[in-house]
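Reading through the structure tokens given below for one structure.
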Amino acid sequence: MNYFAIPLLAFLIETVTFIGGLGILSHHVFRETISGKTYWKLISEQIYQVGYRSLPLILITSGSIGMVMSLQFGLGLEKFGGKLYVPKLVAATFLREMGPMFTSLMLAARVGAGIASEIGSMVVTQQIDAIRALGTSPIKKIVIPRVAACLIVLPILATLSNIVGNFGGLIVGATELDLDPSFYYLKIMATASLEDYLSGFGKTFFFANFISLPACYFGLNVKNGAKEVGIATTKAVVVSSIMILIGDFFLSKVFWMIAKWV
Amino acid sequence: MIEVIGFKKSFGTKQVHKGVTFDVKKGECLGLIGGSGTGKSVILRSLIGLEKPDSGKIIIDGVDITKMNERELLEIRKKVAYAFQNGALFDSMTVFENLAYPLREHFHLSEKEIKDRVHDQLADFGLEGNEFVYPGNLSGGMQKRVGLVRAMMMNPQVILYDEPTAGLDPFNTKKIQDLILRLKSRGVTSILVTHDMPTANAVCDKMAMLSQGRIEAQGNMAQLNQDERGAIAKFISGEEF
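As structure tokens, then:
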């Protein structure tokens, strides 16, 4: 009995602690964002770290996914004579789901891990204590710039991912599926709607919080040295990824309902 | 200037402090000594609100800081500086940027004024020429010295030293002692947590010995040497008491 009960209880306690801690951190972030000084220089540094330096990863993965999707859809639909629907399918799937979600997962792995390990190391070496001891706030100096950078950068990266993914699909459509590139392009433009784009775009603001806040939370809660930095980093990536994947389902439903209303 | 009354603190089920009481007058330097794990650094950290006591009062300049929230504590931290054991320098910043940090945050100074003040302090403490060095490229002793200089950049009324000479060679220990004495001569109130008795003797006006969660003995060296239980003598000689 105890083999299952104790780990389950520990997991439940840890989950409740995480949810509570994340709530408190979010409250502090909100309160300190609307009051006092804003560190624009730190935000711009983080935009460079989070956004610009993630660009190659996002573009390469998006292009590859677009190519694979186009190829798989094309080969599957060819049997039923539905190859002409490939541009529409790739575009809708990319704009609504794959673009924002894959960009967020990539960013959770690259940036979430980076944030958690950087902040965790700062805790271990007492740099976070030093920020407080020097009369400044770690929330303002460390957390808000990272959250703000993710909020600014993720929608832009997801948009770029949409473009590159569809371009990848177009290349495979033209070279492997014998679809005319101009037909492919016009088909995307004709069938992909602003609604498709906005439903994916809207999700990225939630995903940005799902990446940055848990990463900061786990980093700030490192207590005992280098080993815990590693654990915090792993937890940040795992929790962010789960939040993105589960959140994606509920957000998709919400955006469908909004689309129905409008 | 500083009064600690009935300070209690537990970590999990272990009660580390069972009612610590002491005071430090303006301009005085108190040496807080005791064995490893007796919670000296926890008291020091609590004096600027980095830790919260379970009960008791910490009164600084007539104000109980245990009731303060993080935002109110930011103001206290402008007049009470903390010199960390290993410097706690920001490793992504150069020495210059580390020293300029408190000036940029709390004073409306031009870049030229900041530059001049940082250069003056570096020259004053024999650290000139290291402005653009990153902390990772400094020796342990220099990191501690830069940490001390950063702590005093805002001209605090109180400085809390957490084992400033731990792990240093005699040359660097002497430099740190001189630095503390210079700050003391400017009227800065200070608390020094240390195991280094020669340094404590050289810079402290009085000492308080922490043992088993309480202050076992306090007073100046002469008074402590006359203590019937001989707590200080036993601590120095490594005997149990």
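Chains as they are written, first to last, in this note's numbering: chain A, 170 to 431; chain B, 126 to 366. Idealized CB from N, CA, C, for every residue including glycine.
Within chain A, the residues placing a beta-carbon under 8 Å from that of B:K203 are G304, ordered along the chain. Under the DSSP assignment, A:F418 falls in the alpha helix (DSSP H) whose first and last residues are G394 to W430.
In the DSSP assignment, B:A208 is bridged to B:Y286.
Less than 8 Å separates the beta-carbon of A:L320 from that of A:F374. In the three-state scheme derived from DSSP, where H, G and I count as helix and E and B as strand, B:H142 is classed as strand. Uninterrupted beta strand (DSSP E) stretches at least 3 residues long and entirely within the segment 248-298 of chain B occur at 283-287, given in chain order. Going by beta carbons, B:L214 and B:P281 fall outside the 8 Å limit. Between A:T402 and A:S286 a beta carbon distance of about 5 Å is seen, short of the 8 Å cut, so the two are scored as contacting.
For A:E247, DSSP assigns no beta-bridge partner whatsoever. Nearest to A:A361 by C-alpha distance, out of A:V259, A:L191, A:V237 and A:S195, is A:V259.
The three-state reading of DSSP puts A:T360 in helix, counting H, G and I together. Under the rule that a run must span 4 or more residues, the alpha helix (DSSP H) segments found entirely inside the segment 132-197 of chain B read 165-171.
At least one beta carbon of chain A lies nearer than 8 Å to the beta carbon of B:L175. Below 8 Å, too few C-beta pairs join the segment 307-316 of chain A and the segment 178-187 of chain B to call them touching: fewer than three.
Using a CB distance cut-off of 8 Å, A:A401 does not count as an interface residue toward chain B. With its beta carbon less than 8 Å from one in chain B, A:T294 belongs to the interface.
Relative to B:H142, the option among B:P178, B:T324, B:M346 and B:L293 whose CA is nearest is B:P178. Taking a Cβ-Cβ cut-off of 7 Å, the neighbours of B:A213 in chain A comprise T294, Q295, Q296, D298 and A299, given in sequence order.
Taking a C-beta distance under 8 Å as the contact criterion, A:S368 and A:F424 qualify as a contact pair. Within the segment 231-250 of chain B, the residues whose Cβ lies closer than 7 Å to any Cβ of chain A are, in chain order, H231.
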